[in-house]
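Everything in the sequence shown is counted per numbering that gives the first Met the number 0, starting at 0 for the first residue and increasing by one.
Following: one structure in structure tokens, then a few remarks.
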Amino acid sequence: MEKQVEAHDEVEMPIKQHYAEKDKSAKEFQISSDGLIPVDQLKEFIEGTIRSKVEGSSRSSFTYSKPYTPRIDNLKMPIGYQPPTFQQFDGKGNPKQHMAHFVETCNNAGTYGDHLVKQFVRSLKGNAFDWYTDLEAGSINGWEYLEQEFLNRFYNTRRTISIVEFTNSYQWKEEPVVDYINRWRNLSLNCKDRLSEASAIEMCIQGMHWELCYILQAIKPKTFEELATRAYGIEMSFNCKQDEYSVDPNDDDGDATQI
Numbered sequence: 000m001e002k003q004v005e006a007h008d009e010v011e012m013p014i015k016q017h018y019a020e021k022d023k024s025a026k027e028f029q030i031s032s033d034g035l036i037p038v039d040q041l042k043e044f045i046e047g048t049i050r051s052k053v054e055g056s057s058r059s060s061f062t063y064s065k066p067y068t069p070r071i072d073n074l075k076m077p078i079g080y081q082p083p084t085f086q087q088f089d090g091k092g093n094p095k096q097h098m099a100h101f102v103e104t105c106n107n108a109g110t111y112g113d114h115l116v117k118q119f120v121r122s123l124k125g126n127a128f129d130w131y132t133d134l135e136a137g138s139i140n141g142w143e144y145l146e147q148e149f150l151n152r153f154y155n156t157r158r159t160i161s162i163v164e165f166t167n168s169y170q171w172k173e174e175p176v177v178d179y180i181n182r183w184r185n186l187s188l189n190c191k192d193r194l195s196e197a198s199a200i201e202m203c204i205q206g207m208h209w210e211l212c213y214i215l216q217a218i219k220p221k222t223f224e225e226l227a228t229r230a231y232g233i234e235m236s237f238n239c240k241q242d243e244y245s246v247d248p249n250d251d252d253g254d255a256t257q258i
């Protein structure tokens with residue numbers, strides 16, 4: 000009989016608690032005789048609930064938590080480890096190059112693998128540092144994962160070009176030939192197709208002014224250094240010959256007169 004009473008009490012307890020909470024909620028509002036809640040009280044209740052939620056989330060957002068797991072946090076640095084000086088990445092530039100610098104710097108200091116996770120924050124600044132501090136707490140459990148997350152976020156925006164674009168690259172009017180060669184070489188660094196030096200030199204020559212192109216195709220330079228040297232010499236020779244002649248403005252016929 001006593002067990003039945005205890006079981007009955009256990010069943011009734013949640014029910015009593017439910018009605019007690021309802022009575023408590025009812026006391027918070029001044030319910031009218033017809034069972035309606037005044038609009039101003041309901042509005043104040045909703046605003047208070049929203050305010051408490053916002054304040055709670057704000058307090059939690061101001062608290063910094065390490066983005067890596069306790070396993071990473073408990074890793075010990077090698078004996079005699081001296082923190083190196085890292086190049087810092089601000090979210091601009093080439094993220095793969097930054098990774099290469101960072102990994103090599105860490106390896107030279109005697110740290111490898113997951114030990115790099117704890118050091119990575121010291122190589123960031125600006126937008127990249129903001130990204131790191133916003134990572135979910137305890138979400139990083141290894142270097143490979145952090146590296147991939149970083150590269151996915153700061154993907155390389157350098158545009159690659161094709162061979163077709165090279166064939167449409169020409170020396171501008173009045174552009175010195177050495178400037179053209181340097182511009183062409185810089186453009187070639189972004190080419191998605193690998194070119195042999197001989198092919199690259201031939202394509203570069205084809206984009207030059209016709210008189211330079213005609214002579215250099217016969218010379219066939221073997222390196223870009225030779226190409227730049229010979230092209231500059233030919234251009235200077237042309238300029239000197241042009242300077243030897245000028246048009247006399249007082250000559251009615253406009254004939255070229257040698258100075």
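Just so it is clear, CB atoms sit at the ideal spot from N, CA and C, and this is done for glycine as well.
- In the structure shown, TYR80 adopts coil according to DSSP, grouped into three states.
- Residue state for PHE153 is assigned as coil, using DSSP reduced to three classes.
- For GLY125, the uninterrupted alpha helix (DSSP H) segment begins and ends at 125–132.
- Annotated as proximal: PRO66 and SER138, with beta-carbon spacing under 8 Å.
- Here CYS105 is not bridged, per DSSP, to any residue.
- Separation of GLU164 and ARG121 (C-alpha to C-alpha, rounded to the nearest whole angstrom) is 40 Å.
- Two segments are said to touch when three or more pairs of C-beta atoms, one from each, lie closer than 8 Å; by this definition the region 159–175 does not touch the region 125–143.
- Take MET98, set aside five residues on each side of it, and the residues of its chain with a beta-carbon closer than 8 Å to its own are GLU146, PHE149, LEU150, in chain order.
- Counting along the chain, GLU196 sits inside the alpha helix (DSSP H) bounded by residues 196–205.
- In the same chain as ILE200, and ignoring 5 residues on each side of it, the C-beta atoms closer than 7 Å to its own belong to PRO220, PHE223, LEU226, in chain order.
- When the alpha-carbon of TRP209 is set against those of SER195, LYS172, TRP183, CYS239, the nearest one is in LYS172.
- THR228 has its alpha-carbon roughly 12 Å from the corresponding atom of SER236.
- Annotated three-state conformation of PHE85 is coil, per DSSP.
- One thing to note: CYS203 has its Cβ no nearer than 8 Å to the Cβ of ILE218.
- Restricting attention to GLN241, ILE233, PRO69, the CA atom closest to the CA of GLY141 is found in PRO69.
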